[in-house]
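Protein chains: 2
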Amino acid sequence: MRYELYYWPQIQGRGEFVRLALEEAGADYVDVARMSGGEDRMMALMQAPGPKTPPFAPPFLKAGKLLIAQTANILLYLGDHLALAPKSEAGRLWVHQLQLTIADLVVEVHDTHHPIGSGLYYEEQKPESARRAEDFRAHRAPKFFQYFERILAHSDGPYLTGRRATYADLSLFQVVEGMRYAFPILSKRLAKKHPHIVELHRKVAMRSRIAAYLKSERRIAFNQMGIFRCYEDLDG
Amino acid sequence: MRYELYYWPQIQGRGEFVRLALEEAGADYVDVARMSGGEDRMMALMQAPGPKTPPFAPPFLKAGKLLIAQTANILLYLGDHLALAPKSEAGRLWVHQLQLTIADLVVEVHDTHHPIGSGLYYEEQKPESARRAEDFRAHRAPKFFQYFERILAHSDGPYLTGRRATYADLSLFQVVEGMRYAFPILSKRLAKKHPHIVELHRKVAMRSRIAAYLKSERRIAFNQMGIFRCYEDLDG
Chain A
3 MRYELYYWPQ IQGRGEFVRL ALEEAGADYV DVARMSGGED RMMALMQAPG
53 PKTPPFAPPF LKAGKLLIAQ TANILLYLGD HLALAPKSEA GRLWVHQLQL
103 TIADLVVEVH DTHHPIGSGL YYEEQKPESA RRAEDFRAHR APKFFQYFER
153 ILAHSDGPYL TGRRATYADL SLFQVVEGMR YAFPILSKRL AKKHPHIVEL
203 HRKVAMRSRI AAYLKSERRI AFNQMGIFRC YEDLDG
Chain B
3 MRYELYYWPQ IQGRGEFVRL ALEEAGADYV DVARMSGGED RMMALMQAPG
53 PKTPPFAPPF LKAGKLLIAQ TANILLYLGD HLALAPKSEA GRLWVHQLQL
103 TIADLVVEVH DTHHPIGSGL YYEEQKPESA RRAEDFRAHR APKFFQYFER
153 ILAHSDGPYL TGRRATYADL SLFQVVEGMR YAFPILSKRL AKKHPHIVEL
203 HRKVAMRSRI AAYLKSERRI AFNQMGIFRC YEDLDG
């Protein structure tokens, strides 16, 4: 089956968590909005009165007759179909729980530069961003990193669930990538205290399909429009 | 099986979405932290080095040998086991997608009074809250309500998926309840434009087990410690 991914073509954003899963599995997919006329097709699909399961926002995935939205939900589906998650109920729920916790962290990263409104520019909310980012650096980022470090320290391998990489590992890799871009100073401090997370990032980056993807043109560079943005003021 | 729910005993919060599902299904469950010594047990379970699937935060559910965290993930599990979701893959994913969108809305409600940091008091972030709430009232709340209204208008019954109530319907009911408490003025305005949501709320409130629960002592009253808080300044 050829999957159709719909996401903003200019950024990694939340779509990147899906792209990484598709790439790791060597899946046949089209990144629709990056094709000619594709962004219009994406908008049309969102606004069409027809579909029974309309997305609230991108990313969404067409998989045969299914139209699936919400990043973690798409990954739940791909985890089953592309063998990127355990098959047991307990294992599936655990990996999904990890993914939802990563999603919570991603919201908090986004809100460091958009604490007031996602429809406003960063420049319209700079003082509030500075305060929110201070709290993020001091409390929230360390709390999330500690949590994932603890899980990796107790795991039987380099990955969150042991020796096999799941979609949650790919997502945690992406968080580390994004943090390094957006918060280079904070990231160095976090790296020292969380060696297992650093190692997970290294292992994922070395996986052959991921390594090939990261070097390809399919990987959009980080930039100042995505979730992870590099504003010196916010890195302390 | 007797389920054990672990959540802060003083508030509805995110735990309430799980409580409503357990109540609707007539499930056998204990709200552990509301028992004598229960909050200590909850904290101990979170900090214990032992469990293989530690929660990042409450709520979490013990179901036999499983320890499941993240509200939407708990509901995914209960949806299957308590017949609160369709059985088909397409139906399960759709209800979960709706739940994750409700979860996004809940984060935005929380951030109207905590835009800077969840560890700070509201009184320490009042000007920022006023700005964030203004954006929420003008843009975000209407956008979410429009989305759910549109789905209900196209559905074959009073509920999101038609004639059978799912856990997402219970959660949407709870959002309306919370909005009426926290944003009474905004809620009246939203109600006029979203009659299907008003009707869904009414239908859920009339379901016999939910009606009994709402009248019982098990239902904690809304208060100024939960996600939905009533600050006049924020209601415009």
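Residue numbers (my numbering), protein chains in the order written: chain A, 3 to 238; chain B, 3 to 238. Backbone N, C-alpha and C fix where the C-beta goes; we use that ideal spot for every residue, glycine too.
Using a beta-carbon distance below 8 Å, is residue i in contact with chain B?
i	result
I118 of chain A	yes
R166 of chain A	no
G121 of chain A	yes
R220 of chain A	no
R134 of chain A	yes
Q99 of chain A	yes
D237 of chain A	no
V20 of chain A	no
L77 of chain A	no
D137 of chain A	yes
A207 of chain A	no
A92 of chain A	yes
A213 of chain A	no
H196 of chain A	no
E141 of chain A	Per the sequence presented here, residue 141 of chain A reads as His, with Glu not at that position. Cβ-Cβ to chain B under 8 Å: yes for H141 of chain A.
L102 of chain A	yes
So, with DSSP's three-state summary, where would you put residue i?
i	result
G93 of chain A	helix
Y215 of chain A	helix
F185 of chain B	coil
Y161 of chain B	strand
R166 of chain A	coil
I153 of chain A	helix
I13 of chain A	coil
R231 of chain A	coil
L78 of chain A	helix
Q99 of chain A	helix
Y124 of chain B	helix
F147 of chain B	helix
K54 of chain A	coil
L22 of chain B	helix
A87 of chain A	coil
R204 of chain A	helix
R134 of chain B	helix
H196 of chain B	coil
Taking CB distances under 8 Å as the criterion, tell me whether residue i reaches chain A.
i	result
E151 of chain B	no
E130 of chain B	yes
I70 of chain B	yes
T55 of chain B	yes
L95 of chain B	yes
D158 of chain B	no
R171 of chain B	It should be pointed out that residue 171 of chain B corresponds to Asp in this sequence rather than to Arg. By this cut-off, D171 of chain B is not an interface position.
V109 of chain B	yes
F185 of chain B	no
T114 of chain B	no
F58 of chain B	yes
A223 of chain B	no
A74 of chain B	yes
Taking DSSP's pairing of strands, which residues face residue i in a bridge?
i	result
D33 of chain B	B:L7
F62 of chain A	A:Y8 and A:A71
Leaving out the 5 sequence neighbours to the left and right, which residues in its chain are closer than 6 Å to residue i when beta-carbon positions are compared?
i	result
E2 of chain B	Only positions 3 to 238 of chain B appear in the structure, and residue 2 of chain B is not among them; the question remains open.
Q14 of chain B	I222 and G228
E25 of chain A	R211 and Y215
A65 of chain A	Y5
H203 of chain B	F175 and V178
Give every residue of the same chain whose Cβ lies closer than 7 Å to the Cβ of residue i, excluding the five residues on either side of it in the sequence, and list them in chain order.
i	result
V206 of chain A	A167, D171, L172, F175 and I212
E201 of chain A	P160
A143 of chain B	L188 and L192
Hey, would you say the C-beta of residue i is under 7 Å away from at least one heavy atom of the ligand HEM?
i	result
H112 of chain A	The ligand content of the structure shown is nil, which means the ligand HEM is not present either.
Skipping 5 residues on each side, what residues in its chain have a beta carbon closer than 8 Å to that of residue i?
i	result
R133 of chain A	P117
M3 of chain B	D30, A65 and G66
R165 of chain A	D158 and G159
Q: Please confirm if the region 19 to 27 of chain A is in contact with the region 62 to 77 of chain A, defined as three or more CB-CB distances below 8 Å between the two stretches.
A: yes
Q) Three or more beta-carbon pairs under 8 Å between the region 166 to 185 of chain B and the region 226 to 233 of chain B, yes or no? A) The region 166 to 185 of chain B, when compared against the region 226 to 233 of chain B, does touch it at the 8 Å Cβ threshold.
Q: Please confirm if the region 80 to 100 of chain A is in contact with the region 22 to 42 of chain A, defined as three or more CB-CB distances below 8 Å between the two stretches.
A: yes
Q: Count the CB pairs spanning the region 88 to 106 of chain A and the region 59 to 70 of chain B that are closer than 8 Å, and state whether there are at least three.
A: yes
Q) Does the count of Cβ pairs from the region 187 to 202 of chain A and the region 44 to 63 of chain A closer than 8 Å reach three? A) no
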